[in-house]
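A.B. asks: Before I ask anything, here is the structure I am working with.
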Amino acid sequence: MHPIKAIFFDLDGTLLDTLQDLTASTNYALHYFGLPERTLEEVRSFVGNGVRRLMKQAVPPHITDSQFEEIFSVFKDYYFKHCNDYTRPYPQIMTLLQELKRQGIKIGVVSNKWHSAVQELCNQFFPDTIYIAIGESEQIPRKPCPEGTLLAMQKAQCQAHEVLYVGDSDIDIMTAKNAGIECISVTWGFRNEDFLKAHNAKILIQQPLELLNIIRERTNPQ
């Protein structure tokens, strides 16, 4: 076992409960164009692969590509202005991040949310703990492509065996595998334990502070 030097987190459903703001923004855009709105649970099932994919699933099947781009533009404008209305860190997250920082572990976020929104949310909620914040951009493709995670490893100056990736979805499991690092799956996010196990989750935690036990085991193996 090697000591853990960096931990990279997914954002939505892992560090932050963003579901209400994502649902509100989705329904604002749908309502704006006279389209049927979506429930909280429907939006929960859509998240995890970027907001473009979320909106692709939220709109009716008859929507053309050009119509979709208009809807998506309204969604983006609204969400950027309202992404903090209801979004909050999950319980224990702030304590966890402070303890990781105290231990000298570099903390990063690698998300499928677009890059500017990732930076905005990290600056808002985690200004003193998040070392690296990477989202989707023209240069960084969406997870499960490993480019964002590999860039985070480069910035943290860590090797794969020194890193953990923590996320709440099947996309996160695939991302970690593609980057050659270990994945810790969380059950408090947008996917439940049965779903995660069915998608090859190997290590699951029920509460954020359980992550400290895993780090301790990696650092001081019996």
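When you read off a place in the sequence shown, starting at 1, and then add 840, the result is the number in my numbering. Ideal Cβ placement from N, Cα and C applies to all residues, glycine included.
Pair every Cβ in the segment 842 to 856 with every Cβ in the segment 939 to 955, then say whether three or more of these pairs are closer than 8 Å.
C.D. replies: Under the 8 Å Cβ criterion, the segment 842 to 856 counts as touching the segment 939 to 955, having at least three qualifying pairs.
A.B. asks: List the endpoints of the continuous alpha helix (DSSP H) containing V887.
C.D. replies: For the purposes of this step, residue 887 is identified with residue 47 of the sequence shown, where counting begins at 1. Counting along the chain, V887 falls outside any alpha helix (DSSP H), and DSSP gives it neither H nor E.
A.B. asks: Quick one: give me the first and last residue of the alpha helix (DSSP H) that K941 is part of.
C.D. replies: If you number the sequence shown from 1, residue 941 lands on position 101. First-last of the alpha helix (DSSP H) with K941: I933 to R942.
A.B. asks: In terms of alpha-carbon separation, which member of P901, L880, A973 and V958 lies closest to M993?
C.D. replies: As a working mapping, residue 993 is identified with position 153 in the sequence shown. Nearest of P901, L880, A973 and V958 to M993, Cα basis: A973.
A.B. asks: How big is the Cα-Cα spacing for D905 and M895?
C.D. replies: Indexing the sequence shown from 1 puts residue 905 at position 65. Indexing the sequence shown from 1 puts residue 895 at position 55. Taking the straight line joining both Cα atoms gives about 12 Å.
A.B. asks: Can you check DSSP and say which residues form a bridge with C1023?
C.D. replies: Within the sequence shown, numbered from 1, the residue matching residue 1023 stands at position 183. BP columns for C1023 point to Y1005.
A.B. asks: My output table needs one value for E978: the three-state DSSP class, helix, strand or coil.
C.D. replies: Sequence index remark: in the sequence shown, residue 978 carries index 138 (1-based). E978 falls in the coil class under three-state DSSP.
A.B. asks: T969 and L1004 look like a contact to me (Cβ under 8 Å); what is the Cβ gap, rounded to whole Å?
C.D. replies: As a working mapping, residue 969 is identified with position 129 in the sequence shown. As a working mapping, residue 1004 is identified with position 164 in the sequence shown. Not really, about 16 Å apart at Cβ, beyond 8 Å.
A.B. asks: So L961 and L856 are supposed to be a Cβ contact under 8 Å. How far apart are they, rounded?
C.D. replies: Here residue 961 refers to the residue found at position 121 of the sequence shown. Here residue 856 refers to the residue found at position 16 of the sequence shown. With a Cβ gap of about 6 Å, L961 and L856 count as contacting.
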